[in-house]
Amino acid sequence: MLNTNRIHALTAPDETSALPPFDTLMAASGLSVSTPPLNEQTVRTALREYFGLIGALTRIPTEKDDTFVLDGNQERLLVKVSGAQEAPDVVNLQTAVLRHLAEVAPALPIPTVRPGDDGRYEYDLARADAPAARVLRVMKFLPGSALSENRSTTAQLVAVGRAQAAMTRALAGFAHPRQDRTLVWDLRYFPTLRPLLDDVADADNRRLGTRIFDAYAEFLQDRVPRLRHQVVHGDFSAHNVLVDSRRPEYVSGIIDFGDSGRTAEIFDIAIAVSNQLDAAADDPWRRGLDLLTGYLTARAVDGDELALLPIAVAARSLQRALIAQWRAQHDPARADYVLSHAAHDWIALRAIGIEWSPVVDRIHSINDSASRE
4 MLNTNRIHAL
14 TAPDETSALP
24 PFDTLMAASG
34 LSVSTPPLNE
44 QTVRTALREY
54 FGLIGALTRI
64 PTEKDDTFVL
74 DGNQERLLVK
84 VSGAQEAPDV
94 VNLQTAVLRH
104 LAEVAPALPI
114 PTVRPGDDGR
124 YEYDLARADA
134 PAARVLRVMK
144 FLPGSALSEN
154 RSTTAQLVAV
164 GRAQAAMTRA
174 LAGFAHPRQD
184 RTLVWDLRYF
194 PTLRPLLDDV
204 ADADNRRLGT
214 RIFDAYAEFL
224 QDRVPRLRHQ
234 VVHGDFSAHN
244 VLVDSRRPEY
254 VSGIIDFGDS
264 GRTAEIFDIA
274 IAVSNQLDAA
284 ADDPWRRGLD
294 LLTGYLTARA
304 VDGDELALLP
314 IAVAARSLQR
324 ALIAQWRAQH
334 DPARADYVLS
344 HAAHDWIALR
354 AIGIEWSPVV
364 DRIHSINDSA
374 SRE
């Protein structure tokens, strides 16, 4: 196991690679090539062989893997087969995160990973019709509607923030050999995306993106190695949080641990806040700050790190817009999925602008109130 107290310096993608840095980063993230859909009969055969399961498979659109809902058994199940470029040990990191959370924080509503008949949790389908390792896993299906489909109240967004903090706290002692994976969605690698601005058609958006990259370079980049790091969910977005207004805790599920890894905790918070930016509101930050309020009442964060949050939020929104643009061009079969998850980002970035001092003051006020509770 690795020492979770040791902060690793920011490492760039392999500079010895013949590919440009961005292409190297995408390859390391398992996103440089499209993954052809796996034959469903292969999945059915493997489910019967390894788990003794049969039933109806319904495919769910995803970023890079094959995911299905399996009906016809005692409970509804989620079936996931990793993407063609996704390393098996990275899949094992995701499985280990879920099993760790189930053990140390059983109240958290996460998918329970189901063992096969021989007790294993992961099965390689490479010897079927998959030319490379494609790891099969089965887990409990979590019902509920996505946070993105709900107009949550202030109290409900506070509850979402508390849930994220509880999960981060539960992962604080977790370690895995692949926790320091290279991932394009990790904001440590944000500067590598800068060349993608050249393909942005709108000149105003290009200028805005340039100023965000400049702000990251000036105020955040050199500080990244000194920020508090640990394994985090990695994609605590409004699409990956399930909610139920009938439950007092509101959050009924936390799903999709495919981007889990070790990075700066403030970057994981930025993901959740960026997803709540509301360009149509008079105060586009309010919903995100409601979520942050819940987080800070459940878990303390250093004030100096919190001051960097607005830049990290802007960087996350820009990151999502640029990667979605690139993925839509290079993987047309998944274009609708990736673009739908990034549709509002340029609008949100224009709404919040780049004058972040007022929101930093609000963040400090929220933190001061939380620390007194």
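If you want my numbering, it's the 1-based position in the sequence shown plus 3. Glycine included, C-beta positions come from ideal geometry on N, C-alpha and C. Being a predicted model, the structure only gives us computed values, none of them experimental.
Excluding the 5 residues preceding and the 5 following A162 in the sequence, name in chain order all residues of the same chain whose CB lies nearer than 7 Å to its CB. Hits under 7 Å: E252, Y253, V254 and G297.
What do you reckon, are the CB atoms on V107 and A166 nearer than 7 Å? No, these two residues do not count as a Cβ contact at 7 Å.
Among R319, L145, L34 and M29, which one has its Cα closest to the Cα of L80? Of the residues R319, L145, L34 and M29, the one whose Cα lies closest to the Cα of L80 is L145.
Looking at the unbroken beta strand (DSSP E) that takes in T70, where does it start and where does it end? In the DSSP annotation of this structure, the continuous segment of the beta strand (DSSP E) that includes T70 starts and ends at D69 to D74.
May I ask you to verify whether the region 173-190 touches the region 264-283, counting CB pairs closer than 8 Å and requiring at least 3? With the cut-off at 8 Å, the region 173-190 and the region 264-283 touch.
Buried or exposed: where does I357 fall if 16 or more other Cβ atoms within 10 Å of its Cβ makes it buried? Exposed, by the Cβ-count rule.
Suppose you measure from the CA of H236 to the CA of T48; what does that come to, to the nearest Å? Whole-angstrom Cα-Cα distance: 31 Å.
Taking the beta strand (DSSP E) that G306 falls in, what are its first and last residues? Run containing G306: none in the beta strand (DSSP E); it sits in the alpha helix (DSSP H), G306 to L309.
To which residues of the same chain is A218 closer than 6 Å at the C-beta, ignoring the five residues directly before and after it? I314, listed in sequence order.
Pop quiz: L111 and S263 are said to be a contact at Cβ under 8 Å. What is the actual Cβ separation, rounded to whole angstroms? About 14 Å; that fails the 8 Å criterion.
Over what stretch of residues does the beta strand (DSSP E) that includes R290 continue unbroken? Membership of R290 in any beta strand (DSSP E) is not indicated; the residue belongs instead to the alpha helix (DSSP H) covering R289 to A301.
Please classify I113 as buried or exposed, where buried requires at least 16 other C-beta atoms within 10 Å of its C-beta. Buried, since its Cβ has 16 or more Cβ neighbours within 10 Å.
N-terminal and C-terminal residue of the alpha helix (DSSP H) that Q159 is part of: Residues T157 to A173.
Inter-residue CB distance, I272 and M170 (contact presumed, cutoff 8 Å): In fact, because the Cβ distance is near 12 Å, the residues do not count as touching under 8 Å.
Looking at C-alpha atoms only, which residue of T45, P361, F25 and W349 is the closest neighbour of D207? Out of T45, P361, F25 and W349, the CA that lies nearest to the CA of D207 is found in W349.
Does DSSP classify I63 as helix, strand or coil? The three-state secondary structure of I63, taken from DSSP, is strand.
Is it buried or exposed for A133, if we count other Cβ within 10 angstroms and need 16 for buried? Low confidence applies to A133: its pLDDT is 48, below 50, so where it sits in the model is not reliable, and the reading given next is rough at best. Around the CB of A133, 16 or more other CB atoms lie within 10 Å, so the residue is classed as buried.
Does DSSP put S148 in a helix, a strand or coil? In the structure shown, S148 falls within a strand segment according to DSSP collapsed to helix, strand and coil.
State the start and end residues of the unbroken alpha helix (DSSP H) segment that holds T45. Counting along the chain, the alpha helix (DSSP H) containing T45 begins and ends at E43 to F54.
Just checking my contact of L245 with A149 at CB under 8 Å: how many whole Å lie between their CB atoms? That pair is a contact at about 6 Å.
DSSP three-state label for S263, please. In the structure shown, S263 sits in coil (DSSP, three-state: anything other than H, G, I, E or B).
Assign G383 to buried or exposed, taking buried as 16 or more other Cβ atoms, counted over all protein chains shown, within 10 Å of its Cβ. In the structure displayed, the chain extends from 4 to 376; residue 383 sits before or after that span and is not available.
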